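J.:
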Amino acid sequence: MSFPDDERARRAGAVLTIDVGAIAANWRGLRDAGRAAGRPVDCAGVLKADAYGCGATVVGPRLAAEGCRQFFVAHIDEGIALRRVLPEHPIYVLNGLLAGTEPDFVEHGLTPVLNHLGQLNAWRAAAQRYQRPLDAVVHLDTGMHRLGFGAEDAQVLINERGRLRGLRLALIISHLVASEEPTNPINGEQLSRFRSFVRAMPGAPTSLANSSGIFLGPDYHFDLLRPGAALYGINPLPGRSNPMLSVVTLQARILQTRNIDAFQTVGYGGAWRSARQSRIATIALGYADGYFRNLVNRTHVHIAGYNVPVVGRISMDLVTIDVTDVPEAACQTGATVEVLGPHLTPDDLADHARTNAYEVMTALGRRYHRAYVDSYVDDPAEPEPPGEAA
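Read in this note's numbering, the sequence shown has 298 at position 180, and its numbers run on one by one without any break.
(1) Quick check on this structure: which residue in His487, Asp435, Arg146 has the alpha carbon closest to the alpha carbon of Thr367?
(2) Tell me the DSSP secondary structure of Gly404 in three-state form.
(3) Starting from Asp195, follow the alpha helix (DSSP H) in both directions and report where the run begins and ends.
(4) Pick helix, strand or coil for Pro251, following the three-state DSSP scheme.
(5) Let me check one thing: in DSSP terms, what residues is Leu287 bridge-paired to?
(6) Pick from Arg126, Gly185, Arg129, Ala162: whose alpha carbon is nearest that of His339?
(7) Quick check on Tyr405: buried or exposed, where buried means 16 or more other Cβ atoms within 10 Å of its Cβ?
(8) DSSP three-state call for His470: helix, strand or coil?
(9) For the region 154-168 against the region 373-391, are there 3 or more C-beta pairs whose distance is under 8 angstroms?
(10) Going by beta-carbon coordinates alone, are Thr229 and Tyr210 separated by less than 7 angstroms?
(11) Going by alpha carbons, who is nearest to His257 out of Ala169, Phe312, His226?
(12) Excluding sequence positions up to five away, which residues of its chain have a Cβ less than 7 angstroms from the Cβ of Ala262?
(13) Would you check if the distance between the CB atom of Leu462 and the CB atom of Val478 is smaller than 7 angstroms?
(14) Just mark Val274 as buried or exposed, buried being the case when its beta carbon has 16 or more other beta carbons within 10 Å.
(15) Below 7 angstroms between beta carbons: does that hold for Ser297 and Asn328?
(16) In chain order, what residues of the same chain have a beta carbon less than 7 angstroms from the beta carbon of Ser493, not counting five sequence neighbours either side?
(17) Whole angstroms is fine: what's the gap from Pro445's alpha carbon to Leu373's?
(18) Which same chain residues, not among the five before or five after Ala489, have their C-beta less than 8 angstroms away from its C-beta?
(19) Following the continuous beta strand (DSSP E) through His374, name the residue where it begins and the one where it ends.
(20) Three-state secondary structure (DSSP) at Ala489?
(21) Whole-angstrom Cβ separation of Val176 and Leu165, contact assumed at under 8 angstroms?
(22) With distances taken between CB atoms, is the gap from Thr417 to Val428 smaller than 7 angstroms?
(23) What do you get for Arg201, buried or exposed, if any count of 16 or more other CB atoms within 10 angstroms of its CB means buried?
(24) Where does Asn233 sit, in a helix, a strand or coil, going by DSSP?
(25) Just list the residues that DSSP pairs Ile439 with in beta bridges.
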């Protein structure tokens with residue numbers, strides 16, 4: 119893949135290409151996996167953190183065109199931005215109702231995820247002030263111990279259903295702790311707690327499964343799936359083959375190459391020393407672009423069929439790579455290297471950085487020129503829905 123041929127791309131040191139068609143295909147596959155048991159399960163799209171770094175205001179409309187009808191964000195400002203491009207679809211704000219934001223939720227037609235009785239009481243008071251029912255989501259904490267109604271508050275809600283008077287309960291949700299670990303017993307414990315609450319609070323749609331939770335099977339699907347990471351190509355089945363399509367490709371330009379003698383250091387602090395005469399190329403990205411500083415001497419990039427080691431410390435704007443074994447014609451000034459893509463996925467880079475692919479994706483820098491492609495616009499053939507990987 120080459121740099122796009124437009125004026126801004128010509129000025130860019132690095133280009134991030136995002137395939138919204140692959141995101142849409144991943145959503146279709148996850149939706150179909152949820153419907154495999156023959157139940158009418160719906161599938162939302164989680165667009166928090168700017169759609170995991172991919173651009174929520176671009177991804178949201180593409181998913182809506184594909185048939186996605188419900189969306190989740192983390193913060194109210196994310197919801198307001200998304201509402202500008204999705205004027206009709208339900209948008210749920212996971213972090214809930216901050217004090218004084220009730221008018222903002224009402225003005226922009228956003229639905230708060232209520233995480234405790236205080237938020238519920240404030241939202242109910244808002245419904246009384248506006249003299250009309252307001253949609254609400256109740257989040258039950260079944261074991262994450264992060265956000266959501268704990269056991270005591272949940273029991274209060276069960277015993278006093280009148281606390282919901284004036285509100286339309288649009289959804290009851292919980293969040294799985296270890297869904298990427300199918301044999302972890304906490305999955306079953308959370309499922310049991312969630313079912314008990316749902317039985318005591320009948321009448322509202324329910325949602326438990328995140329990306330990995332979809333692959334735990336139909337018992338976890340309920341009425342609405344909530345995939346996030348898997349939409350963007352992150353593997354929901356760690357340790358197994360990734361059933362999702364790749365979404366992002368990151369390419370950076372070579373700014374300069376130089377020949378150095380053996381036993382010379384490269385970069386700040388002399389953190390890498392050449393063992394032979396070497397050729398070093400410098401590429402146009404750095405930790406200011408989300409390329410983690412702890413990747414020093416621990417990862418590679420891809421150029422002309424070669425995996426090329428990253429050497430020396432990661433700088434704010436620059437990274438150095440050892441291209442000694444690459445034909446000189448392939449690594450001249452202006453040539454591009456693949457930093458993320460088919461030869462090094464976000465999951466791979468996360469392993470090198472000792473983090474997870476969520477952090478890799480959400481760290482993608484704002485200085486990249488972003489190019490959007492849709493690989494499925496002209497190809498109506500649908501990919502196989504993701505299933506259990508071998």
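Note that the Cβ used here is the ideal one computed from N, Cα and C, for glycine as well.
All values derive from a computational prediction rather than experimental measurement.
T.: To lay it out plainly:
(1) Answer by Cα proximity: His487.
(2) coil
(3) 194-201
(4) Reduced to three states, the DSSP call for Pro251 is coil.
(5) Looking at the DSSP output, Leu287 shares a beta bridge with Ala254.
(6) Ranking the options by Cα distance to His339, first place goes to Ala162.
(7) buried
(8) helix
(9) no
(10) yes
(11) Phe312
(12) The sequence shown places Met at residue 262, rather than the Ala named in the question. Excluding positions up to five away in sequence, the list reads His293, Val295.
(13) no
(14) exposed
(15) A distance below 7 angstroms separates the beta carbons of Ser297 and Asn328.
(16) These residues qualify, in order along the chain: Asp137, Gly139, Ala140.
(17) 17 angstroms
(18) Pro122, Ala127, Val133, Leu134, Thr135, Ile136
(19) A quick correction: the sequence has Gln, not His, at residue 374. From DSSP, the beta strand (DSSP E) with Gln374 extends over 366-378.
(20) Ala489 falls in the strand class under three-state DSSP.
(21) Not really, about 10 angstroms apart at Cβ, beyond 8 angstroms.
(22) yes
(23) buried
(24) coil
(25) According to the DSSP secondary-structure assignment, Ile439 is paired through a beta bridge with Ala399, Val428.
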